[in-house]
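Student: As they're listed, the protein sequences go chains A and B. Sequential numbering of the first sequence, starting at 0, is according to numbering that gives the first Met the number 0. Sequential numbering of the second sequence, starting at 0, is according to numbering that gives the first Met the number 0. Shown below is the structure under consideration.
Protein chains: 2
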Amino acid sequence: MLSKKTKYGLKALTFIARSEDDMPVQVGKIAKSEQIPQKFLEGILLTLRKSGILGSKKGKHGGYYLRHEPSEIKMTDVMRVLEGPIAMVPCVSLNYYEKCDDCPDETLCSVHRLMIEVRDSTLNVFRNTTLADLSSVD
Amino acid sequence: MLSKKTKYGLKALTFIARSEDDMPVQVGKIAKSEQIPQKFLEGILLTLRKSGILGSKKGKHGGYYLRHEPSEIKMTDVMRVLEGPIAMVPCVSLNYYEKCDDCPDETLCSVHRLMIEVRDSTLNVFRNTTLADLSSVD
DNA sequence: TGTAATCCCTACTAAACTGATAGGATTAAT
DNA sequence: ATTAATCCTATCAGTTTAGTAGGGATTACA
């Protein structure tokens, strides 16, 4: 299941991308427009900022803005920040690899082989989708 | 993340498929060979039986067996039984569709569109993979 | 007919995770 | 100063996960 955190995060990013006139967007505005609990959203945008996807400006008239063009922001990066590893098992994760306790030989493990295929096909989607695709209104 | 339940279930199915000489396979044998807590595995095999993927024979010399040829057992079915819906959000689920509370218009929702693509690519893997693929030793 | 092996079923539990709330500290514009 | 924003930490109720416990029901076979 996609966590609410990720869902909210994606919606917020889309919102910011759509309202780009180089003015920072306030959490409150996003929360209201997208029906997201504001305090919850605060934390989400914070992690997006810490990861380098968003920038922020503090104080009055502050808010969040994209650090790069929407077309440069790949879903692989966004999803990893919000949802964690893309692979469904650590033993097929590119960025968070971990060996299974059981499983003496990965190449013989049926789960391993299946999950590599799932990872690759999901990765293929995320690599070929940017925030620009999400926020286009076609 | 893939649940242990699913992981264990897939390993067990693979084990049964590999040791097919038409004799039912005992939970204890699978548990020992695959390093799975036996009581936990019991429950998993039970749900696989109730779903029609496995059959069982009670009493001495009893055990579990496949109800169909491995090449007929598609991962779509197995995954839905073990892991639940394949879609990451209910609003793009084929078998368990549910509208989002928020989201007045799905066709305009960025998350919706992205998740449809993920669903389709994952589905494509599961539809083209059978237990025979998992249990082959190439 | 008794006994051992096996599936079957229900209930319980500890730990982790999720989604959210609370309360305030810090910063900046006016 | 006041106000409006981000930032940070802690807390919490509910759910899920992974597993354990204990036994009931069924069958093979001596």
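Glycine is no exception: its CB is placed at the ideal position from the N, C-alpha and C atoms. All values reported here derive from a predicted model rather than from experimental measurement.
So what's V24(A) in DSSP terms, helix, strand or just coil?
Tutor: As a first step, residue 24(A) must be located in the first sequence, where it is residue number 25. Three-state result, V24(A): strand.
Student: Specify the secondary structure class of K98(A) as computed by DSSP and reduced to three states.
Tutor: Your numbering for residue 98(A) matches position 99 in the first sequence. Residue state, collapsed to three classes: coil.
Student: Would you call the CB atoms of G62(B) and Q34(B) closer than 9 Å?
Tutor: Locating residue 62(B) in the second sequence gives position 63, where the first residue counts as 1. Locating residue 34(B) in the second sequence gives position 35, where the first residue counts as 1. No. Outside cutoff.
Student: Any contact of the segment 126–134 of chain B with the segment 72–91 of chain B, i.e. 3+ C-beta pairs under 8 Å?
Tutor: Verdict: yes, contact present.
Student: Quick one: what does DSSP say T128(B) is sitting in, helix, strand or coil?
Tutor: Start at 1 with the first residue of the second sequence, and residue 128(B) comes out as number 129. Coil.
Student: At the 9 Å Cβ level, is V136(B) part of the contact set with chain A, yes or no?
Tutor: Working through the second sequence from its first residue, we reach residue 136(B) at position 137. With 9 Å as the cut-off, V136(B) counts as an interface residue toward chain A.
Student: What are the uninterrupted segments assigned as alpha helix (DSSP H) that are 4 or more residues long and contained completely in the segment 36–99 of chain A, given in chain order?
Tutor: For the segment 36–99 of chain A, whole alpha helix (DSSP H) runs of length 4 or above, ordered along the chain, are 37–49 and 74–82.
Student: Between the beta-carbon of E97(A) and the beta-carbon of P89(A), is there less than 9 Å?
Tutor: Taking the first residue of the first sequence as position 1, residue 97(A) is located at position 98. Taking the first residue of the first sequence as position 1, residue 89(A) is located at position 90. Yes, they are a contact pair.
Student: Which residues mark the beginning and the end of the alpha helix (DSSP H) in which L9(A) is found?
Tutor: If you number the first sequence from 1, residue 9(A) lands on position 10. Here the alpha helix (DSSP H) through L9(A) covers K3 to R17.
Student: Take every Cβ of the segment 2–10 of chain B, pair it with every Cβ of the segment 78–92 of chain B, and state whether three or more of those distances are shorter than 8 Å.
Tutor: These segments touch.
Student: Counting Cβ pairs closer than 8 Å, one from the segment 103–122 of chain B and one from the segment 42–53 of chain B, do we hit at least three?
Tutor: Not touching, per the Cβ criterion.
Student: Decide if F39(A) is buried, meaning its Cβ has at least 16 other Cβ atoms within 10 Å, or exposed.
Tutor: As a working mapping, residue 39(A) is identified with position 40 in the first sequence. The residue is exposed, with fewer than 16 neighbouring Cβ atoms inside 10 Å.
Student: Restricting to Cα atoms, I'd like to know which of L65(A), Y64(A) and D119(A) is closest to M87(A).
Tutor: As a working note, residue 87(A) is residue 88 in the first sequence. Of the listed residues, the one whose Cα sits closest to M87(A) is D119(A).
Student: What three-state label does DSSP hand D119(B) in the structure shown?
Tutor: Position 120 of the second sequence, counting from 1, holds the residue named residue 119(B). Helix, per DSSP.
Student: Given R48(B), which residues of its chain have a CB within under 8 Å of its CB, disregarding the five upstream and five downstream residues?
Tutor: Numbered from 1 along the second sequence, position 49 holds the residue referred to as residue 48(B). Contacts found: G54, S55 and Y63.
Student: Using a Cβ-Cβ cut-off of 7 Å (strictly less than) and excluding sequence neighbours within five positions of Q37(A), which residues of its own chain qualify?
Tutor: For the purposes of this step, residue 37(A) is identified with residue 38 of the first sequence, where counting begins at 1. These residues qualify, in order along the chain: V26, G27 and A30.
Student: On the CB-based measure, 16 or more other CB atoms within 10 Å of its CB, does G10(A) come out buried or exposed?
Tutor: Here residue 10(A) is taken as the residue at index 11 of the first sequence, counted from 1. Here residue 10(A) turns out to be Lys, not Gly, going by the sequence shown. With 16 or more Cβ atoms within 10 Å of its Cβ, K10(A) is classed as buried.
Student: Taking Cβ-Cβ distances below 9 Å as the criterion, which residues of the segment 22–49 of chain A are in contact with chain B?
Tutor: Residues passing the 9 Å Cβ filter: E33, Q34 and I35.
Student: When the Cα of K59(A) is compared with those of G8(A), D137(A) and M22(A), which residue comes out closest?
Tutor: One-based indexing of the first sequence puts residue 59(A) at position 60. Nearest C-alpha to K59(A): M22(A).
Student: To the nearest angstrom, report how far apart C139(B) and R66(A) are at their CA atoms.
Tutor: Limits of chain B in this structure are 0 at one end and 137 at the other, which puts residue 139(B) out of reach.
Student: Among the candidates F14(B), G8(B) and E19(B), whose CA atom is the shortest distance from the CA of G42(B)?
Tutor: As a first step, residue 42(B) is located in the second sequence; it is residue number 43 there, counting from the start. Among F14(B), G8(B) and E19(B), the Cα nearest to that of G42(B) belongs to G8(B).
Student: DSSP three-state label for V136(B), please.
Tutor: In the second sequence, counting from the first residue as 1, residue 136(B) sits at position 137. If DSSP states are grouped into helix, strand and coil, V136(B) belongs with coil.
Student: Can you say whether S32(B) is buried or exposed, counting buried as having 16 or more other CB atoms within 10 angstroms of its CB?
Tutor: Translated into the one-based positions of the second sequence, residue 32(B) becomes position 33. S32(B) should be labelled exposed.
Student: So which of I15(A), L93(A) and D20(A) has the shortest CA-CA distance to V117(A)?
Tutor: To locate residue 117(A), count along the first sequence from 1; it is residue 118. When each option's Cα is compared against that of V117(A), the closest is L93(A).
Student: Taking Cβ positions only, does L81(A) come closer than 9 Å to chain B?
Tutor: For the purposes of this step, residue 81(A) is taken as the residue at position 82 of the first sequence. Not an interface residue.
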